[in-house]
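**Student:** Residue numbers (the numbering used here), protein chains in the order written: chain A, 1 to 245; chain B, 1 to 245; chain C, 1 to 245.
Even glycine gets a Cβ: it sits at the ideal position worked out from N, Cα and C.
Could you have a look at this structure, given as structure tokens, before my questions?
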């Protein structure tokens, strides 16, 4: 059983973030909040997210897992103003999920959990860590898009750099504590290359002023961010592209 | 002979409404105003409209029918601000229609009336009648679009309901006097199913705060609305889809 | 060697104007400013432009020609706010062009000048000349677009007219000193027909309140305009379409 009430814009944020990774998602509804963990079909990216029950206007739930079709949720949220309240509950007798927004009511079958794997979040040792203005990262990603399919993240003790290279051109965005960086820790120089298409989608979905990027050499990155204005937290994991040396 | 002057936004409203049904239209210009009646090529929908001469800034006309290409009018109106005045007249010697907006002048041949039928508006007995906020109807239509190609209109003595059903999901919008309904009369429960694509187009074109929907069981609906802020009135007729029982 | 600093919106204006004609351009950087002259691949249109060094915030240059890929510049400018400053210089050792906007740095190879011709601007005798509100010309162009691929420019001693004709329709925009014309000189009636697609693109790119159009009978037109709010000047030349008589 669950009976939740949540602002439309918060639900939309959850839907946008998880849609970066999968089209159908397993939500773990627990007494203290909502948990999500999913890996994308090509096993390049993962999302991990907790949404405290404080992110909801009303929250009554017994522990359970439920499968949701994110596209159907997104369609519904298009009809609604950001500040409208969405009531979201299960009708266990009919095996339906009910969503109500004002006088509009939509019911849908939960997605079968059988086909959904429960990915193990790998235990990564990432010695570099930078907290940085999200708009600077977005600028770097967009500047790289017309040049390459990949972007390099580089970190030293003093700066965080994004780099992309094409056949005859190159871009570089250098961030320091003067512009964009709040905090940085690195044992030395670190560098990894990541696919741009994933980063583009992820940084469109993240709705927080800063992100914390964890980095190592030629290794996955972990990008942490707040969800729902601080009532939740999320992280994307993204596999590197290993360059041929 | 006719010599009319009309605000661009009023003419645009007439063009948008009639474009829901046909691409070329026969306008009946009478001494007291403009009359339109047209049926769509697949005979699923009809429009009936009167625009009093009060909707015009200037109105001089002898009784006549004239064929207009709505796409050409729409192209012209894209160039103009809503409050600009369109002068619209016939040049009978050259068999042309002249449209002038400020210093811009466009002439076009009238469309041959030979191919245009003069549809008879069927005399429908529709016992249910509801006057309702147009934005609520629009919301119901949009909510149904991702689920089905059809939407059901249901009426009781107390409420008006819109319903659509997909394979595993369902939507329902219930309107009462508390939300959206101004007036409702029904002999009991009525229900008919209508094609969504027509309704989507029609409700985009209607420019009035409320509509009055007339309903019966598995029967056409008649949707009445004001045109030009009350200087005219229109109605769409839409055939039901009869469900196999 | 060159080392320039220019507002992003001024650079964008230059890029938009030259992109009407070519995708890769030869810029002649001189001590007193920037010069451009290019002909489009089908030899229908030309651009000629000078941008005084006053259009730049900083300007240090020795005389030289350099080839730029306009698409790459346009991509970069999408990332930037209009008022941001672009630093633009050559790195001669590495044979690169460097563009820097704040902390973002992009380098690219110059385009090989070998394939670029240096078009001779024809010496045209155009007896008619009208200075006219650019928005009136834009309105005429848009009104013609749904009717024809060509538009006629006509000039008398008193007015400037734009005309287009389709199979069954016609448009006409008449400009006089009452509406749109600042100055007009013509020896009599002049008329030439021009391709609309070129004009549409050109008049989207021009960023000046008025243009001066030079005209003759069945002959190229020369359209002059200010660039960078007066710190530069440009002209498009456009070949006529000669009608079969």
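Under 9 Å Cβ-Cβ, which residues of chain A neighbour residue 70/C?
**Tutor:** In chain order: nothing, as chain A lies at least about 13 Å away.
**Student:** Specify, as a first and last residue, the run of the alpha helix (DSSP H) that residue 114/A falls within.
**Tutor:** No alpha helix (DSSP H) contains residue 114/A, which DSSP labels as neither H nor E.
**Student:** What is the DSSP secondary structure of residue 59/B, reduced to helix, strand or coil?
**Tutor:** DSSP places residue 59/B in strand when its eight states are reduced to three.
**Student:** Distance check for residue 127/B and residue 157/B, CA to CA, integer angstroms please.
**Tutor:** Whole-angstrom Cα-Cα distance: 11 Å.
**Student:** Please check if any C-beta of chain B sits within less than 8 Å of the C-beta of residue 75/A.
**Tutor:** It does: the Cβ of residue 75/A has a partner Cβ on chain B nearer than 8 Å.
**Student:** Examine chain C for any beta-carbon lying closer than 8 Å to the beta-carbon of residue 146/A, and answer yes or no.
**Tutor:** Judged by the 8 Å Cβ criterion, residue 146/A is in contact with chain C.
**Student:** Which of the three DSSP states is assigned to residue 16/B in this structure?
**Tutor:** Helix, per DSSP.
**Student:** By DSSP, does residue 200/A sit in helix, in strand, or in coil?
**Tutor:** Helix.
**Student:** Tell me which residue opens and which closes the beta strand (DSSP E) that residue 21/B is part of.
**Tutor:** No beta strand (DSSP E) holds residue 21/B; DSSP gives it neither H nor E.
**Student:** Give every residue of the same chain whose Cβ lies closer than 6 Å to the Cβ of residue 173/A, excluding the five residues on either side of it in the sequence, and list them in chain order.
**Tutor:** If we look at residue 173/A and ignore the five residues flanking it on each side, its Cβ neighbours are 140 and 162.
**Student:** Which residues, in chain order, does the stretch 165–189 of chain C contribute to contact with chain B at a C-beta distance below 7 Å?
**Tutor:** Going along the stretch 165–189 of chain C in chain order, one finds 168, 169, 170, 171, 172, 173, 174, 175 and 179 with a Cβ nearer than 7 Å to chain B.
**Student:** For residue 13/B and residue 207/B, which I take to be in contact (beta-carbon distance under 8 Å), what is that distance rounded to the nearest angstrom?
**Tutor:** Contact holds; Cβ gap of about 5 Å.
**Student:** If the cut is a Cβ gap below 9 Å, which residues of chain C does residue 191/A touch?
**Tutor:** Here the premise fails: no neighbours, minimum Cβ distance about 17 Å.
**Student:** Give the straight-line distance between the Cα atoms of residue 144/C and residue 45/A, rounded to the nearest whole angstrom.
**Tutor:** Roughly 51 Å separates the two Cα atoms.
**Student:** Measuring only the C-alpha atoms, how far is residue 88/B from residue 55/B?
**Tutor:** The alpha-carbon atoms of residue 88/B and residue 55/B are separated by roughly 14 Å.
**Student:** Return the CA-CA distance between residue 6/C and residue 86/C, expressed in angstroms with no decimal places.
**Tutor:** Computed Cα separation, rounded: 5 Å.
**Student:** Within 10 Å of its beta-carbon, does residue 43/A have 16 or more other beta-carbons around it, so buried, or fewer, so exposed?
**Tutor:** With fewer than 16 other Cβ atoms within 10 Å, it is exposed.
**Student:** Please list the partners that residue 103/C has in chain A, where partner means a Cβ-to-Cβ separation under 7 Å.
**Tutor:** Those within 7 Å of residue 103/C in chain A are 173, 174, 175 and 179.
**Student:** Do residue 181/C and residue 164/C count as a contact pair if the criterion is CB distance below 8 Å?
**Tutor:** For residue 164/C and residue 181/C, no; Cβs fall outside 8 Å.
**Student:** Extract the residue ranges of the beta strand (DSSP E) inside the stretch 98–156 of chain A, only unbroken runs of 3 or more that lie entirely within it.
**Tutor:** Qualifying beta strand (DSSP E) stretches, in chain order: 104–108, 128–133 and 150–155.
**Student:** Using the beta-carbon of each residue, which ones in chain C are nearer than 8 Å to residue 143/A?
**Tutor:** Those within 8 Å of residue 143/A in chain C are 76, 79, 104 and 106.
**Student:** Determine the extent of the beta strand (DSSP E) in which residue 268/C is found, giving its start and end residues.
**Tutor:** No information on residue 268/C is available, as it lies outside the stretch 1 to 245 that chain C covers here.
**Student:** How close, in whole Å, do the beta carbons of residue 49/C and residue 232/C come, if the pair is a contact with beta carbons under 8 Å?
**Tutor:** Yes, residue 49/C and residue 232/C are in contact; Cβ-Cβ is about 7 Å, under 8 Å.
**Student:** So, is residue 124/B buried or exposed, given that buried needs 16 or more other C-beta atoms within 10 angstroms?
**Tutor:** Per the 10 Å Cβ criterion, exposed.
**Student:** Just to confirm my understanding: we take residue 60/B, look at its own chain, exclude 5 residues before and 5 after, and list those with CB closer than 8 Å. What are they?
**Tutor:** So the list reads 1, 2, 3 and 4, once near-sequence residues are dropped.
**Student:** For residue 225/C, I'd like the list of residues in its chain whose CB is within less than 6 Å of its CB, leaving aside the five on either flank, ordered along the chain.
**Tutor:** 206, 208, 211 and 234.
**Student:** Under 7 Å, CB to CB, which of the residues in the stretch 107–121 of chain B have a partner in chain C?
**Tutor:** Within the stretch 107–121 of chain B, the qualifying residues are 107, 108 and 109.
**Student:** Just to confirm my understanding: we take residue 39/C, look at its own chain, exclude 5 residues before and 5 after, and list those with CB closer than 6 Å. What are they?
**Tutor:** Excluding sequence neighbours, residue 39/C sits near 46 and 119.
**Student:** Determine, using beta carbons only, whether residue 68/A and residue 27/A come nearer to each other than 8 Å.
**Tutor:** Result yes, Cβ atoms of residue 68/A and residue 27/A sit closer than 8 Å.
**Student:** Compare the C-beta of residue 139/B with all C-beta atoms of chain A and state if any pair is closer than 8 Å.
**Tutor:** So, interface residue.
**Student:** May I ask which residues mark the beginning and end of the beta strand (DSSP E) holding residue 162/A?
**Tutor:** That run of the beta strand (DSSP E) goes 160–165.
**Student:** Buried or exposed, going by whether 16 or more other CB atoms sit within 10 Å of the CB of residue 159/A?
**Tutor:** With 16 or more Cβ atoms within 10 Å of its Cβ, residue 159/A is classed as buried.
**Student:** Assuming residue 184/B and residue 130/B are in contact, meaning their beta carbons sit under 8 Å apart, how far apart are those beta carbons, in whole angstroms?
**Tutor:** Right, their Cβ atoms sit about 5 Å apart.
**Student:** When DSSP labels each residue in this structure, what does residue 10/A get in the three-state scheme?
**Tutor:** Three-state result, residue 10/A: helix.
**Student:** Taking the continuous beta strand (DSSP E) assigned at residue 235/A, which residues delimit it?
**Tutor:** Taken as a continuous stretch (DSSP letters only), the beta strand (DSSP E) holding residue 235/A covers 232–238.
**Student:** Exposed or buried, residue 73/A, counting other C-beta atoms within 10 Å across all chains shown (16 or more means buried)?
**Tutor:** With 16 or more Cβ atoms within 10 Å of its Cβ, residue 73/A is classed as buried.
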